[in-house]
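*Asks:* Residue numbers (UniProt numbering), protein chains in the order written: chain A, 1 to 958; chain B, 1 to 354.
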């Protein structure tokens with residue numbers, strides 16, 4: 001049957017329009033009214049067919065069309081049924097209708113058999129078409145089928161009589177009007193239809209809109225977005241404050257007179273406050289005091305006094321506050337809060353309410369600094385020349401979005417604000433200064449100031465990009481609306497949309513989404529689309545997805561360590577589903593946070609403070625095992641960079657939750673101790689490291705930092721503080737004591753330790769002497785390493801006098817070592833040296849005490865040592881002496897006498913040579929000459945060289 | 001100078017403690033060449049002393065003239081250059097370094113720096129001493145990757161360079177590296193040996209040491225020669241004419257650990273565990289390695305424990321030490337051990353005394 005059909009089909013298609021047009025002629029008049037009332041959009045295209053062909057001369061044909069739609073039945077048997085038995089129910093008819101609509105091909109094939117199907121309107125029970133005339137009350141027209149000769153009677157509606165006549169007249173006697181009546185009719189019809197459409201879309205609350213249609217379906221979120229201030233769902237207080245802030249701009253934006261919107265707002269506020277909260281009366285006396293004008297304003301708004309009275313008073317207050325027509329103090333409003341609470345909606349609604357045109361910049365726009373700057377300037381500083389000429393209000397949505405982009409906007413705004421600030425302060429100065437300044441300030445004022453309200457919206461108030469903005473803006477934090485409010489609204493919408501839901505289910509949904517209205521509505525619409533109903537029990541399975549909410553670390557610790565209270569309503573469900581539900585939430589919570597290292601640190605910090613019953617510590621053992629496990633895990637994932645393994649961290653945390661979670665509220669602390677431990681141990685390691693570097697390599701090479709801490713420090717401190725050391729002059733000591741002292745000093749030097757005054761400048765304490773020497777402590781603070789909390793070591797602390805003494809000796813020893821290293825074997829001769837140097841040191845001390853400056857003049861020597869390498873060595877020796885707290889380098893440089901330096905160098909050089917291999921310039925012979933007279937000087941360089949006189953060596957040796 | 005340094009044997013023939021090892025090394029060197037060496041043994045047993053003496057034996061006194069260099073090496077690691085700061089100690093014949101100082105970048109130290117050093121033949125090659133020695137300390141702390149890259153270097157540049165590795169434990173040196181070296185085990189000196197050393201020092205210092213005093217110090221020193229000598233000197237400083245019952249000052253941190261141990265024995269509860277945690281933090285903050293803390297803690301606990309529990313507790317200590325090395329936060333594992341011990345001990349007490 002297929003093949004021959006194709007040819008036939010073509011033929012049929014060629015003159016397919018004929019019957020259509022034929023119908024039109026007759027039927028349009030019949031059922032015009034029906035078309036009007038029906039808002040079914042599908043009917044539109046067919047009711048506006050092309051003009052009738054001129055060839056058409058046939059009188060009305062039996063192919064009847066009702067409702068502007070062609071009812072052609074293709075199935076033969078069915079047609080019989082329809083035509084013969086007119087008593088079918090309406091439902092059947094509808095089914096047939098559907099079937100018909102989707103089979104246009106068949107329709108063409110069997111055109112000859114086409115039978116008219118008549119439709120009955122649902123509202124009017126009476127027949128329009130019947131086989132017998134008596135079945136129709138009122139007038140009727142007999143209609144005969146083309147081929148079969150079937151005859152039916154069609155009802156004629158009275159109301160259309162006139163038009164029908166007209167139509168018939170004009171349809172066939174062309175020429176009275178220029179346009180054919182068909183076209184006119186179509187136009188009228190079309191106009192009416194579009195009007196109807198517009199009306200329906202304008203008024204979303206129109207309940208009779210069909211729900212399931214595909215074409216003009218809207219997101220419920222948009223459809224039911226609050227269009228007026230009273231419909232706002234967000235927190236009352238915030239709403240009012242935002243509105244207040246916007247109203248403060250009025251004087252600046254709209255001029256001094258406050259527009260009639262004020263009354264609007266006031267009345268709306270009034271209504272609102274009536275509905276929501278009990279009016280708080282404010283006594284006039286407190287008004288008069290005006291402690292906090294802004295707050296008073298708000299209160300005044302919520303007050304229930306007659307509007308005019310009120311607004312006048314408010315106006316006065318505003319004027320007082322804002323120096324006649326100034327914008328509010330903080331020119332930027334920053335709204336922040338979790339998604340879906342209606343921040344953007346509030347901004348739009350409030351701005352519109354106050355008579356602004358909202359200009360929104362959101363994350364989808366280009367937000368580079370340059371482009372946004374132009375845009376913001378446009379909005380903020382210029383008036384629109386548009387017809388509506390409403391002032392603009394800038395809403396920057398999602399300002400915290402992307403870091404860079406958001407920053408652009410923030411920067412521009414900040415620039416504006418700071419310009420404003422400068423200007424204002426400048427203005428104040430200038431106004432004091434005089435008139436000339438004022439003019440210029442006015443000029444600038446127009447250029448760079450913020451003349452329109454700016455509302456910024458963000459989710460995360462503490463995003464780094466917003467930090468500067470936070471300081472200048474007025475910040476409002478959105479809080480979740482109460483569940484009951486959300487549920488009420490949801491119910492309302494559900495009723496409108498004819499969705500069957502229980503309030504329990506809605507409550508559960510609202511709780512599940514944290515009162516995120518947007519997500520609630522989207523979920524509902526989605527479910528509705530799927531023809532499902534909201535199921536309380538399977539909410540988590542049913543709802544498409546959960547909001548990806550990141551919580552703070554504290555919240556997570558709390559969730560882990562605290563057992564949730566089982567609510568009464570939930571008790572009805574079986575235990576298993578409850579547990580799995582809990583499990584799910586905890587899992588998602590932890591994995592959303594992601595910072596497992598911190599999470600486990602926090603658990604570790606707080607877990608032992610919990611009050612769980614644990615007689616044999618088994619829970620504790622398990623928990624600490626789990627913690628250890630997570631640590632191993634963490635190290636492994638970080639080491640191998642298999643970050644996907646992190647997934648398995650959250651079950652670990654959850655098992656801890658299972659073990660120790662209690663209902664009582666835990667007192668959670670930030671894991672400070674582990675972080676403090678980390679920083680301190682790094683600090684101490686650094687101390688050890690630097691100490692080790694200071695120790696001469698021949699000793700330090702044998703030590704590792706571990707062995708220092710483990711073995712060395714404790715005994716070393718003991719050795720450094722012998723009990724029998726007396727702070728007396730060297731020559732008073734016995735030989736044995738001298739030897740001990742020498743040994744001690746030697747140790748100190750070789751381990752690069754010395755005593756140092758911590759608080760005051762090391763170069764000063766020598767002059768001050770023993771008065772504040774009590775603060776002397778070991779220079780690399782190795783004493784710290786044996787200090788444990790709650791432990792007192794049995795280490796002796798040397799008297800401060802002894803310490804001072806030791807420092808002296810150690811310094812001397814350092815100098816001595818330098819000279820003795822080269823020629824004398826270090827161990828055997830040292831004690832000799834010490835005893836020898838003892839004399840000189842006491843002398844030098846004496847000289848130091850009288851602040852005498854001693855200079856050695858030996859020109860010949862000086863020449864000898866004026867070597868090219870001298871400068872570097874000078875520095876070194878200078879460094880050595882500064883360390884000892886006697887000489888500082890700049891002082892030395894100023895000194896006209898160079899010989900003192902070169903004198904020092906004599907002792908320095910050998911030691912330098914020991915370490916510095918390239919120091920070969922020095923003739924060995926001179927060294928021998930020098931060392932033949934082993935003399936030691938302790939050179940005290942004073943800060944003044946007022947008294948200069950040559951002193952001979954033998955004067956010292958007396 | 002401390003006695004530890006003063007009486008450190010400078011040459012192989014003056015060695016007192018590990019004489020047999022020293023003799024073998026001497027024989028090795030006398031042939032003019034030596035293989036790669038791996039010295040391993042507990043700390044304070046004389047590894048470094050032997051290595052230094054060996055170097056002196058090979059190169060003569062010039063090996064003692066060392067200078068410290070703190071240099072930043074620029075290492076090219078594929079896409080980027082990494083700065084590795086490393087302290088080296090070098091003489092004309094040898095370089096001493098501690099590659100594990102570079103932390104997780106030790107691989108680059110081994111791959112680039114050591115290779116660079118090994119490549120360069122010493123300039124003054126006249127005859128047989130045509131090689132330089134690289135002394136690597138704390139090889140056991142090197143990461144696995146670094147050790148793997150070490151082995152190729154050892155083979156490739158063996159003509160110009162000898163590696164002397166020094167580590168506390170051979171088990172943490174990979175098999176491959178170990179098989180390329182002559183392993184020299186330096187065990188902890190016996191107590192008698194320590195006594196010998198102390199008596200030698202006493203003789204040199206001209207001190208009178210009563211019978212058994214040195215033995216007491218040796219016993220306290222935990223077979224650690226360095227500690228023994230240091231303790232000996234401490235005793236000398238504190239009270240010279242030695243008396244037999246003279247108090248030997250303990251190591252402070254060990255004292256602290258034993259306090260912790262007695263805390264644990266007194267009470268077993270999460271609250272007490274929390275207090276113990278604070279003390280453990282103190283120890284860790286003072287740079288005491290956690291392994292050593294754990295070992296010492298176990299030692300102190302075992303002293304006070306019934307013999308039937310000793311085995312189990314030691315087992316758990318080993319378990320937690322292993323986990324500690326796998327992990328990063330030592331405190332977690334130390335605490336876990338303490339908790340485990342508390343649990344075991346408490347249930348033991350309950351079962352024994354009801």
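Ideal Cβ positions, reconstructed from N, Cα and C, are used throughout, including at glycine.
Tell me whether residue 961 of chain A is buried or exposed, calling it buried when 16 or more other Cβ atoms sit within 10 Å of its Cβ.
*Replies:* Nothing about residue 961 of chain A can be read from this structure; chain A reaches only from 1 to 958.
*Asks:* Tell whether a beta-carbon distance below 8 Å holds between residue 602 of chain A and residue 553 of chain A.
*Replies:* Within the first chain, numbered from 1, the residue matching residue 602 of chain A stands at position 602. Within the first chain, numbered from 1, the residue matching residue 553 of chain A stands at position 553. Yes.
*Asks:* Starting from residue 39 of chain B, follow the beta strand (DSSP E) in both directions and report where the run begins and ends.
*Replies:* By 1-based counting over the second chain, the position of residue 39 of chain B is 39. Start and end: 37–40.
*Asks:* Please check if any C-beta of chain B sits within less than 8 Å of the C-beta of residue 714 of chain A.
*Replies:* Reading the first chain from its first residue, position 714 is the one you call residue 714 of chain A. It does; some Cβ of chain B falls within 8 Å.
*Asks:* Could you check the C-alpha separation between residue 703 of chain A and residue 69 of chain B for me, to the nearest Å?
*Replies:* Looking up residue 703 of chain A in the first chain gives position 703. Looking up residue 69 of chain B in the second chain gives position 69. Rounded to the nearest angstrom, the two C-alpha atoms are 17 Å apart.
*Asks:* Mind reading off the beta-carbon distance from residue 454 of chain A to residue 361 of chain A? Whole number of angstroms is fine, and I expect it under 8 Å.
*Replies:* Translated into the one-based positions of the first chain, residue 454 of chain A becomes position 454. Translated into the one-based positions of the first chain, residue 361 of chain A becomes position 361. So it is not a contact: roughly 10 Å between Cβ atoms.
*Asks:* Taking Cβ positions, are residue 100 of chain B and residue 66 of chain B nearer each other than 8 Å?
*Replies:* Here residue 100 of chain B refers to the residue found at position 100 of the second chain. Here residue 66 of chain B refers to the residue found at position 66 of the second chain. Contact flag unset, no.
*Asks:* Please confirm whether residue 389 of chain B has its beta-carbon closer than 8 Å to some beta-carbon of chain A.
*Replies:* Because chain B here runs from 1 to 354, residue 389 of chain B falls outside it and cannot be looked at.
*Asks:* With a threshold of 8 Å between beta carbons, is residue 608 of chain A in contact with chain B?
*Replies:* Residue 608 of chain A sits at position 608 when you count from the first residue of the first chain. Chain B contact via Cβ: present.
*Asks:* Look at the Cβ atom of residue 422 of chain A, then the Cβ atom of residue 332 of chain A, and state whether they are nearer than 8 Å.
*Replies:* Within the first chain, numbered from 1, the residue matching residue 422 of chain A stands at position 422. Within the first chain, numbered from 1, the residue matching residue 332 of chain A stands at position 332. No. Outside cutoff.
*Asks:* With DSSP as the reference, label residue 665 of chain A as helix, strand or coil.
*Replies:* Position 665 of the first chain, counted from the start, is the residue given in the question as residue 665 of chain A. Three-state result, residue 665 of chain A: coil.
*Asks:* Between which two residues does the beta strand (DSSP E) carrying residue 69 of chain B extend?
*Replies:* Looking up residue 69 of chain B in the second chain gives position 69. Residues 67–77.
*Asks:* Any residues in the stretch 280–301 of chain B with a beta carbon nearer than 9 Å to a beta carbon of chain A? Which ones, in chain order?
*Replies:* Answer set for the stretch 280–301 of chain B: 281, 282, 283, 284, 285, 286, 287, 288, 289, 292.
*Asks:* Measure the beta-carbon distance from residue 477 of chain A to residue 336 of chain A and round it to whole angstroms, keeping in mind my assumption that it falls under 8 Å.
*Replies:* Here residue 477 of chain A refers to the residue found at position 477 when the first chain is read from its first residue. Here residue 336 of chain A refers to the residue found at position 336 when the first chain is read from its first residue. Sure, about 6 Å apart at Cβ, within 8 Å.
*Asks:* Taking DSSP as the reference, what is the three-state secondary structure of residue 755 of chain A?
*Replies:* Here residue 755 of chain A corresponds to residue number 755 of the first chain, with the count starting at 1. The answer is strand: DSSP assigns residue 755 of chain A an E or B state.
*Asks:* By how many angstroms is the C-alpha of residue 311 of chain B removed from the C-alpha of residue 228 of chain B?
*Replies:* As a first step, residue 228 of chain B must be located in the second chain, where it is residue number 228. As a first step, residue 311 of chain B must be located in the second chain, where it is residue number 311. Spanning the two alpha carbons is a distance of roughly 29 Å.
*Asks:* Specify the secondary structure class of residue 299 of chain B as computed by DSSP and reduced to three states.
*Replies:* Indexing the second chain from 1 puts residue 299 of chain B at position 299. The answer is helix: DSSP assigns residue 299 of chain B an H, G or I state.
*Asks:* So with CB distances below 7 Å, who are the chain B contacts of residue 968 of chain A?
*Replies:* There is simply no residue 968 of chain A to check, as chain A begins at 1 and stops at 958 in what is shown.
*Asks:* By the three-class DSSP mapping on this structure, what secondary structure does residue 361 of chain A have?
*Replies:* Here residue 361 of chain A refers to the residue found at position 361 of the first chain. Three-state DSSP puts residue 361 of chain A in a strand.
*Asks:* On the CB-based measure, 16 or more other CB atoms within 10 Å of its CB, does residue 277 of chain B come out buried or exposed?
*Replies:* In the second chain, residue 277 of chain B corresponds to position 277, counting from 1. A residue is called buried once 16 or more other Cβ atoms fall within 10 Å of its Cβ, and residue 277 of chain B is buried on that count.
*Asks:* Across which residues does DSSP place residue 142 of chain A in a beta bridge pair?
*Replies:* Looking up residue 142 of chain A in the first chain gives position 142. Looking at the DSSP assignment, residue 142 of chain A forms a beta bridge with A:153.
*Asks:* Kindly list, in the order they appear in chain B, the residues whose Cβ is closer than 8 Å to that of residue 789 of chain A.
*Replies:* Here the question's residue 789 of chain A lines up with position 789 in the first chain. Those within 8 Å of residue 789 of chain A in chain B are 278, 279, 282.
*Asks:* Between residue 274 of chain B and chain A, is any beta-carbon pair separated by less than 8 Å?
*Replies:* Along the second chain, read from residue 1 onward, the residue named residue 274 of chain B stands at position 274. Closer than 8 Å to some Cβ of chain A, the Cβ of residue 274 of chain B qualifies, so yes.
*Asks:* Could you give the DSSP three-state label for residue 223 of chain B: helix, strand or coil?
*Replies:* Start at 1 with the first residue of the second chain, and residue 223 of chain B comes out as number 223. Looking at residue 223 of chain B - three-state DSSP - the assignment turns out to be coil, as it is neither helix nor strand.
*Asks:* Does any C-beta atom of chain B lie closer than 8 Å to the C-beta of residue 805 of chain A?
*Replies:* For this step, residue 805 of chain A is matched to residue 805 along the first chain. Proximity of residue 805 of chain A to chain B, defined by a Cβ-Cβ separation below 8 Å, is not satisfied.
*Asks:* Rounding to the nearest angstrom, what Cα-Cα distance links residue 267 of chain B and residue 635 of chain A in this structure?
*Replies:* Counted from its first residue, the second chain places residue 267 of chain B at position 267. Counted from its first residue, the first chain places residue 635 of chain A at position 635. Their backbone Cα atoms lie some 33 Å apart in a straight line.
*Asks:* According to the Cβ coordinates, are residue 87 of chain B and residue 693 of chain A closer than 8 Å?
*Replies:* Residue numbering aside, residue 87 of chain B sits at position 87 when the second chain is read from its first letter. Residue numbering aside, residue 693 of chain A sits at position 693 when the first chain is read from its first letter. Result yes, Cβ atoms of residue 87 of chain B and residue 693 of chain A sit closer than 8 Å.
*Asks:* Please go through the same chain and pick out, in chain order, the residues whose beta-carbon is closer than 6 Å to the beta-carbon of residue 169 of chain B, but skip the five residues on each side of it.
*Replies:* Along the second chain, read from residue 1 onward, the residue named residue 169 of chain B stands at position 169. The residues are 140.
*Asks:* Here's the rule: buried if 16 or more other CB atoms are within 10 angstroms of the residue's CB, otherwise exposed. What is residue 256 of chain B?
*Replies:* Taking the first residue of the second chain as 1, we reach residue 256 of chain B at position 256. It counts as buried.
*Asks:* Under 8 Å by Cβ, that's how I've got residue 511 of chain A and residue 472 of chain A pegged, so tell me the actual separation to the nearest angstrom.
*Replies:* As a position in the first chain, residue 511 of chain A is number 511, starting the count at 1. As a position in the first chain, residue 472 of chain A is number 472, starting the count at 1. At roughly 37 Å, the Cβ-Cβ gap does not stay under 8 Å, so residue 511 of chain A and residue 472 of chain A are not in contact.
*Asks:* With a threshold of 8 Å, are at least 3 pairs of Cβ atoms found where one atom belongs to the stretch 7–14 of chain B and the other to the stretch 35–42 of chain B?
*Replies:* no
*Asks:* Between the alpha carbons of residue 960 of chain A and residue 194 of chain A, how many angstroms are there, rounded?
*Replies:* Because chain A spans 1 through 958 in this model, residue 960 of chain A falls outside it and cannot be assessed.
*Asks:* Within the 8 Å Cβ cut-off, does residue 710 of chain A reach chain B?
*Replies:* Your numbering for residue 710 of chain A matches position 710 in the first chain. Chain B contact via Cβ: present.
*Asks:* Would you kindly work out how many angstroms separate the C-alpha atoms of residue 47 of chain B and residue 133 of chain B, rounded to a whole number?
*Replies:* Your numbering for residue 47 of chain B matches position 47 in the second chain. Your numbering for residue 133 of chain B matches position 133 in the second chain. If you take the alpha carbons of residue 47 of chain B and residue 133 of chain B, they lie about 16 Å apart.
*Asks:* Could you give the DSSP three-state label for residue 330 of chain A: helix, strand or coil?
*Replies:* Taking the first residue of the first chain as position 1, residue 330 of chain A is located at position 330. In the structure shown, residue 330 of chain A sits in coil (DSSP, three-state: anything other than H, G, I, E or B).
*Asks:* Compare the Cα-Cα distances from residue 684 of chain A to each of B:337, B:302, B:284 and report the closest residue.
*Replies:* In the first chain, residue 684 of chain A corresponds to position 684, counting from 1. For residue 684 of chain A, the nearest C-alpha among the options comes from B:284.
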